[in-house]
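What follows is a single structure, written as structure tokens, with notes after it.
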Amino acid sequence: MELLKSLEWRYATKKMNGNIVPQEKVDYIIEAARLAPSSSGLQPYQIFVITDKELLTKIQAIAFNQSQITECSHLLVFAAWDGYSLEKIEKVFARTVAERGLPANTMDDYKQRLWGMYEPLSQEWHATHAAKQAYIALGLAMAAAAEQKVDATPMEGFVAPELDKILGLEALGLKSAVILPLGYRDEAHDWLVNLKKVRTPKEVFVTEIK
Ligand SMILES: Cc1cc2nc3c(=O)[nH]c(=O)nc-3n(C[C@H](O)[C@H](O)[C@H](O)COP(=O)(O)O)c2cc1C
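Every letter in the sequence shown is one number past the one before it in the working numbering, and letter 172, counting from 1, is 186.
Listed below in structure tokens is the structure:
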């Protein structure tokens, strides 16, 4: 119930008031994203947390001038791997077995099977698959923000290759997927704040197969 109330409260805030979100709330939201499940547990994404005003102004310019980018307190950039590789998979699995205190070769068969599936697929498929995983983390971050009464606007309205350039993501093997300004709604000036939340009716949204 509490979660649903928070989800009713949240909306894609169009105008923020510039107030600063306390660090513990930002940490909480990021922790929710870090705890997100991902395919094979690879977590093929990272989050960049941007508060530098000059940088935010630059990002706004390649994001259709959306005001939330400079009015927010923190801008989260979800950047996903630009592709899978055996090396990257090995690194994640090595950490998993080490942290679980398991023999080093525990996940070798799984690793080979997984890479056997991924290797023939295109780099574009890899990048899209990785970005899909990042969106799960985005969803949990938005839910956590709502729980903390922090406003957050999911955004795809930016020119991703330009953002990649600004943040030097290519050199890191990453591509920006989606961004999330965190802040507080400007109740007096946000045209969306009092409009009804509209969703697909349940009877259309859900098909029960019994
Ligand atoms: C992936 C994604 C991208 C979005 N991109 C933008 C955006 O660039 N700018 C914006 O103001 N809202 C953006 N939105 C917000 C949606 O328009 C909004 O979530 C939707 O209309 C539902 O409304 P609500 O979030 O207020 O309940 C985006 C939402 C999602 C999930």
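We treat Cβ as the ideally placed atom computed from N, Cα and C, and that holds for glycine. Predicted model, so just to flag it, every value in this text is computed and none were measured.
What span of residues does the alpha helix (DSSP H) with residue i cover, start to end?
| i | result |
| --- | --- |
| Phe62 | Element bounds for Phe62: not the alpha helix (DSSP H) but the beta strand (DSSP E), Tyr59 to Ile64. |
| Lys39 | Gln37 to Arg48 |
| Arg109 | Leu100 to Arg114 |
| Arg24 | Arg24 -> no alpha helix (DSSP H), and no H or E assigned at all. |
| Ala75 | Lys67 to Ala75 |
| Leu128 | Asp122 to Tyr132 |
| Thr228 | Because the chain is modelled from 15 through 224, residue 228 falls outside the range shown and cannot be assessed. |
| Leu177 | Ala174 to Leu181 |
| Val218 | Lys216 to Phe219 |
Kindly list the residues whose CB is nearer than 6 Å to the CB of residue i, restricted to its own chain and excluding five residues on each side of it in sequence; keep chain order.
| i | result |
| --- | --- |
| Arg24 | Ala160 |
| Val173 | Ile76 |
| His140 | Gly97 and Tyr98 |
| Ala46 | Leu154, Ala155 and Ala158 |
| Ile150 | Ala50 |
| Ile34 | Ser87 |
| Leu100 | Trp129 |
| Leu56 | Val106 |
Could you name the residues that DSSP lists as bridge partners for residue i?
| i | result |
| --- | --- |
| Met169 | Ile193 |
| Leu188 | Trp95 |
| Met30 | Arg199 |
Could you please give the first and the last residue of the uninterrupted beta strand (DSSP E) stretch that includes residue i?
| i | result |
| --- | --- |
| Val164 | Taken as a continuous stretch (DSSP letters only), Val164 belongs to no beta strand (DSSP E), as it is neither H nor E. |
| Trp95 | His88 to Trp95 |
Between which residues of its own chain and residue i is the CB-CB distance below 7 Å, once the five residues before and five after are set aside?
| i | result |
| --- | --- |
| Gly171 | Ala77, Phe78 and Gln80 |
| Asp178 | Glu184, Lys189 and Ser190 |
| Ala202 | none |
| Lys224 | none |
| Gly187 | Trp95 and Asp96 |
| Asp204 | Thr27, Lys28 and Lys29 |
Give every residue of the same chain whose Cβ lies closer than 8 Å to the Cβ of residue i, excluding the five residues on either side of it in the sequence, and list them in chain order.
| i | result |
| --- | --- |
| Thr84 | Lys67, Leu70, Thr71 and Gln74 |
| Glu104 | Lys125 |
| Leu49 | Leu154 |
| Ala148 | Pro58, Tyr59, Phe92, Ala93, Ala94, Ala191 and Val192 |
**OP:** Could you please go through the chain and list the residues whose beta-carbon is closer than 6 Å to any non-hydrogen atom of ligand 1?
**Re:** Checking every Cβ against the heavy atoms of ligand 1 under 6 Å gives Tyr25, Ala26, Lys28, Gln80, Thr167, Pro168, Met169, Glu170, Gly171, Val192 and Lys211.
Subject >> the region 161-175 / the region 191-206 touching (three or more Cβ pairs under 8 Å) >> reply: They touch, by the three-pair rule.
Original post:
Any contact of the region 28-41 with the region 75-89, i.e. 3+ C-beta pairs under 8 Å?
Top reply: Segments in contact, yes.
Subject >> Contact between the region 80-100 and the region 185-195 (3+ Cβ pairs under 8 Å) >> reply: Because the criterion of three Cβ pairs below 8 Å is met, the region 80-100 and the region 185-195 touch.
Original post:
Can we say the region 120-134 touches the region 66-75, given the rule of at least three CB pairs closer than 8 Å?
Top reply: The region 120-134 vs the region 66-75: no contact.
Original post:
Would the region 206-218 and the region 34-48 be scored as touching if the rule is three or more Cβ pairs under 8 Å?
Top reply: With a cut-off of 8 Å, the region 34-48 and the region 206-218 do not count as touching, because too few Cβ pairs lie within range.
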